[in-house]
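Undergrad:
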Ligand SMILES: [Zn+2]
């Protein structure tokens, strides 16, 4: 199967918009485009070299088992984007539109998964986290929500875990703005020997604040749990009502007799 290069000739307001448009096309075709080097005039970027994600020579920082359908294979696809003074925006030129590999699934390409992790998706993850949901459950829920909208969810459970970690870190940072992690200031005690005694006061206040926060979150969780149970009950009622109406329309001359011993 030949993978078609992104359409050229359109102008895009920014370099990122150009790359996003190219990747929207690439996602359908089975590849992803990455920025390699950019050229600047003063502080302004005016050119960027683009490559296929499987052709870039940058070393991957990923860990663990590599998926064979996404391993870099020196793909020759070559393009660049320029912003000329006399044009209304960024334009792409393809130097070599061919790939030396078959199409990859968008789930396997980090570029597409990253693009799919929109602010809306992150907000959803945060809500699910607050409701105490596991990454696998969050993934299933997001997947069915996307399918209901006629989209395919590309982010995977590991992406969800990563976002959870970031959200968790942000939450910790906002809860304790005055105390950086101990690793950041290893020589703190040595610089100010008396500081441990003076920090006892605010620390207990912090503990109280954290306890309060936990209590609020637990209450929220209980509330959400009750809501979910209610929704389940409503669904069951709807199912039973549907079943009842199906039976009455199928069998409106004679309803099945209820036999308590049967
Ligand atoms: Zn390629």
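Numbering (our numbering), first residue to last: 281 to 542. Every residue, glycine too, gets a C-beta built ideally from N, C-alpha and C.
Which of the three DSSP states is assigned to residue 406 in this structure?
TA: Three-state result, residue 406: helix.
Undergrad: For the 8 Å Cβ check, are there 3 or more pairs between the segment 431-439 and the segment 393-408?
TA: Enough Cβ pairs lie closer than 8 Å, so yes.
Undergrad: Round the Cβ separation of residue 412 and residue 501 to the nearest angstrom and send it over; I've been treating them as touching at under 8 Å.
TA: Residue 412 to residue 501, Cβ: 5 Å. Contact.
Undergrad: Give the list of continuous beta strand (DSSP E) stretches no shorter than 3 residues that lie fully inside the segment 343-398.
TA: With a minimum length of 3 residues, the continuous beta strand (DSSP E) runs that stay inside the segment 343-398 are 358-363, 370-376.
Undergrad: Which residues are close to ligand 1, meaning CB closer than 7 Å to any heavy atom, in chain order?
TA: Those satisfying the condition are, in chain order, 311, 332, 334, 335, 355, 357, 379, 380, 381.
Undergrad: For the 8 Å Cβ check, are there 3 or more pairs between the segment 296-312 and the segment 400-415?
TA: Not touching, per the Cβ criterion.
Undergrad: Within 10 Å of its beta-carbon, does residue 313 have 16 or more other beta-carbons around it, so buried, or fewer, so exposed?
TA: Per the 10 Å Cβ criterion, buried.
Undergrad: How far does the beta strand (DSSP E) with residue 284 in it extend, from its first residue to its last?
TA: Looking at the DSSP string, residue 284 is not in any beta strand (DSSP E), and its letter there is neither H nor E.
Undergrad: Quick test of the definition: if touching needs 3 or more C-beta pairs under 8 Å, does the segment 348-363 touch the segment 325-335?
TA: The answer is yes - the segment 325-335 touches the segment 348-363, with three or more Cβ pairs under 8 Å.
Undergrad: What did DSSP end up calling residue 434 once you bin it into helix, strand or coil?
TA: DSSP places residue 434 in coil when its eight states are reduced to three.
Undergrad: Compare the C-alpha of residue 373 against each of 290, 528, 400 and name the closest.
TA: Cα-wise, what sits closest to residue 373 is 290.
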